[in-house]
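Here's the structure we're looking at; comments come further down.
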Amino acid sequence: MLDSPAPTEEIRRFVAYLRENGFVIGLAEFKAMVDVTLHAQIRDPARIQKCWRGLASSSQQQWHQFPGLFEAFWFPGKVKGSTKASGQKKTGKSLPELIKELQGEGGSTKPSDTGKTIGLSSEGQGEVDGPEKGQGGASRVDPLTEKPLGDWLPQDSKQLDKLIAPLQARLKRKLVQHYQNRAHAQKLDLKKSIRRASSTAGELIQLTMKDRKTVAPKVFILVDVSKSMEAHAQFFLRMARSFCQVLNARVFVFHTSLIEVSALMKRDSGRVQEKINAVTFGFGGGTRIATNLLSFVRQSGLGPSGNRIRGLGRRDIVYVLSDGYDTDPAQQTLAAIQTIRKKGAELFWLHPTIAVPQSEAIQLSKDVISGFMAVNHLASLEGLVDLSLKRKQHPSQTNEKQQLSHTTEPREASWVAS
Amino acid sequence: MNVQQIAELLSKASYITDDSLSEMVWMGLTIGRPLLLEGEAGVGKTAIAQACATALGRDLYRLQCHESLDLNQAVYEWNYSRQLLEIRLREAEGGDKTSLRDDLFSEKFLLKRPLMQAITSAKPSVLLIDEIDRADEAFEAYLLEVLGEFQITVPELGTIKATTRPLVVLTSNGTRDLSDALRRRCLYHYVDYPSVPRELKIVQTLIPDADIQLLQQAVLFVHQLRKEDLDKTPGIAETLDWIRILCAHNLKKLPEDPKEFESTLSALLKTRNDQWQVSTHVLSKLMGSGQRVGIDAGVVASRS
């Protein structure tokens, strides 16, 4: 089947070309590509494209990418523009010629005749080696970590995902409601117990218990999109989007009122980005943090269709992305934050300013906020995972009752990262 | 059997396929590889397996995946209660117990689940593994042996090899990323929303009594609606439901005033947000944009 090296060599180069473009193709797929072409005696390139597409693709993206790559490799003349496809030059035969040769009269291709003409020239082969490199070891890598928030592009957001992903793995799962108040409660797994009983002639001697179900703590993101946050809101929304996509967080935006935008965040399209931009543009007004925090507590218990769901609860995490400037009375903000903390959730304040916000509301509520962190470039986000987990590792610090009853007593803010 | 014949057989089984998909089915049958179909809900991924079974005259074994799916539900399970009963009966009879151990773990006491049924089927069959992305990774890893070698290992019985290779169809809605190992064992096909002519042909086949003008207008309307940024884009199933509702209202064409059919849109719009988003104004716009649209199949819909 593969005894005609020259045409299969050409297919192998096509496979190599696909691999360079991110396709995962093993020997089995390569053989199947040759097999399917021979088996069906396919002469029509369009049919070959359809067959190979199914064999080579393994995702929606590759499925859509394949026809372009196929055309670019086998019919370079048809491709308009000056697309440069990852280094390989096609100087060999066209696909119809190759098929003719591959199937040619019972597969009696003469390798010695065609071996040199099919495939890459020596010049082309030379170009396959390695990616394009800059002169003198120069690098094109952008110093993204130090890039100010205002200069961020939507495509840079992938960097955020990498920073947020570890949090998902490190967040300790919590028991489902049924077990929360019954520390030692266990459910009998009758099916497994009966199965195990077969080894003791049907006598139920060893009982098997079900694993206690746990769920990941919920993460909520509240993004301030008021006028004072105009310069930072777009980045914070991208950050929220990463949280939403990586941690399945629920995202709310607020200025004078609060609205949930989780559904928008989950959709990954340019149109969504436009909507997010429109949201930040349209919301550029005043801020009512206290009112919105209380509104958030209510809305967290509502599902997408307005149905009642389990809202904010123990060990959940709330990140507020705001500069802290509030038009509500400071006491009201304190009360709102206390309401959230009384539910057992942690509340972290991420601010665009280098120092902790100096507004009266934040200064008054500082003791009941679980942690502060300045977020002004990517590197500053590296401490986010530690900040979120540090509080959880010290239960004495999370004793809400103690904190809430002594709110007037200033506390050492050693965990404040700024 | 060639691709055209497959397309015709599927068409007779009320599944209007495109060239690419029938090519994939042909390849699945020819080289014996499973088909992995990905796409939005309601585009006809599950239906292709059912149609293949009908078209090829094969038995269909369906495995609906879910989070807690285990091998006992998917592959096989020993019939414990029957085994216990057998032990008690032998004890009561006081007969020969030497062969009991072997007898208890024979095929007589094996409860075959869909994967085992498909593998041991004497006739070629169609195995549908629906929504594989809902199953956990451990089950996905187990499938590698089944899909790669078409064999199942039962410790007590040994390895059972398929006598005839079933046509395996896996569907996924993309709620979880499948492993590369599984993807590599399959032929991949992304099932997209159908083109206007194909969707028109589908609805004509499945709702033959409906007025052609209504069908054209409804299909065009749904296509316009799919361009909107909806939470849940309506699939073919939704289009069919909607047209059936319109037919039940004895409509021969879409009313001029969107308000007259606004109440029927619950068949197309499945979330509160979508219903809120598609207001009367948006409906008017959608109706307007579909006023006169040329379709490559030569169908021209007019909202006259």
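Chains as they are written, first to last, in my numbering: chain A, 1 to 418; chain B, 419 to 722. A virtual CB, placed ideally from N, CA and C, is assigned to each residue, including glycine. Given the structure is predicted, the values throughout are model-derived calculations rather than measurements.
Residue i at chain B interface by Cβ criterion, 7 Å
i	result
A:Ala-246	It should be noted that the sequence gives Val, not Ala, for residue 246 of chain A. By this cut-off, A:Val-246 is not an interface position.
A:Arg-195	yes
A:Ala-431	In the structure displayed, chain A extends from 1 to 418; residue 431 of chain A sits before or after that span and is not available.
A:Ser-58	yes
A:Lys-162	no
A:Ala-16	no
A:Ala-216	no
A:Trp-63	yes
A:Ala-165	no
CA-to-CA distance, residue j to residue i, given in whole angstroms
i	j	result
A:Ser-57	A:Phe-254	43 Å
B:Glu-504	B:Thr-651	55 Å
A:Thr-327	A:Thr-256	9 Å
B:Ile-661	B:Ala-636	7 Å
A:Val-318	A:Asn-181	23 Å
A:Gln-206	A:Arg-298	47 Å
A:Ser-359	A:Val-251	24 Å
A:Val-261	B:Leu-618	36 Å
A:Leu-294	A:Ser-300	10 Å
B:Val-421	B:Glu-441	6 Å
B:Arg-603	B:Leu-687	36 Å
B:Gln-423	B:Glu-646	37 Å
B:Ile-434	B:Ile-466	9 Å
B:Arg-508	B:Phe-523	15 Å
A:Ser-122	B:Pro-573	Confidence at A:Ser-122 is low in this model, with a pLDDT of 36, below 50, so its placement is unreliable and the value that follows should be read with caution. About 55 Å.
A:Lys-342	B:Gly-576	59 Å
B:Tyr-611	B:Ile-654	8 Å
A:Ile-221	B:Asp-488	36 Å
A:Leu-27	A:Val-15	10 Å
B:Ser-697	B:Val-640	15 Å
Start and end residues, alpha helix (DSSP H) containing residue i
i	result
B:Tyr-560	555–567
B:Met-534	532–538
B:Thr-448	437–449
A:Phe-372	Segment 371–374 is the beta strand (DSSP E) holding A:Phe-372; no alpha helix (DSSP H) there.
B:Thr-464	463–474
A:Gly-68	60–74
A:Phe-23	From DSSP, A:Phe-23 is part of no alpha helix (DSSP H); its letter is neither H nor E.
A:Lys-50	45–56
Simplified DSSP assignment, three categories, for residue i
i	result
A:Glu-409	At A:Glu-409 the pLDDT is 41, less than 50, meaning the model places this residue with poor confidence; the figure from the coordinates comes in the next sentence. The answer is coil: DSSP assigns A:Glu-409 none of H, G, I, E or B.
A:Leu-302	strand
B:Glu-495	strand
A:Gly-202	coil
B:His-667	coil
A:Gly-286	coil
B:Met-419	coil
B:Val-696	coil
A:Leu-38	helix
B:Ser-590	strand
B:Gly-706	helix
A:Leu-384	helix
Neighbour flag for residue i against chain A, beta carbons, 7 Å
i	result
B:Val-605	Per the sequence presented here, residue 605 of chain B reads as Leu, with Val not at that position. With 7 Å as the cut-off, B:Leu-605 counts as an interface residue toward chain A.
B:Met-442	yes
B:Tyr-498	yes
B:Tyr-608	yes
B:Asp-598	yes
Interface partners of residue i on chain A, CB under 9 Å
i	result
B:Gln-501	Ser-198, Gly-202
B:Glu-617	The contacting residues do not exist; B:Glu-617 stays about 20 Å from chain A at best.
B:Glu-456	Ser-59, Gln-60, Trp-63
Within chain B, the residues that residue i reaches when beta carbons sit closer than 7 Å
i	result
A:Asp-35	Ile-449
A:Gly-26	Arg-602
Contact list for residue i against chain B, beta-carbon separation under 9 Å
i	result
A:Arg-47	Val-421, Asp-437, Glu-441
Interface residues of chain A facing residue i [CB-CB closer than 7 Å]
i	result
B:Met-445	Val-36, Cys-51, Gly-54
B:Asp-649	Ala-263
Within chain B, partners of residue i - CB distance below 8 Å
i	result
A:Glu-29	Arg-602
A:Ala-32	Ile-449, Arg-451
Residue i: first and last residue of the uninterrupted beta strand (DSSP E) it sits in
i	result
B:Ser-543	543–548
B:Ile-434	B:Ile-434 -> no beta strand (DSSP E), and no H or E assigned at all.
B:Val-609	605–609
B:Lys-579	576–579
Chain-ordered neighbours of residue i on chain A, where CB pairs are closer than 8 Å
i	result
B:Ile-505	Ala-201, Gly-202
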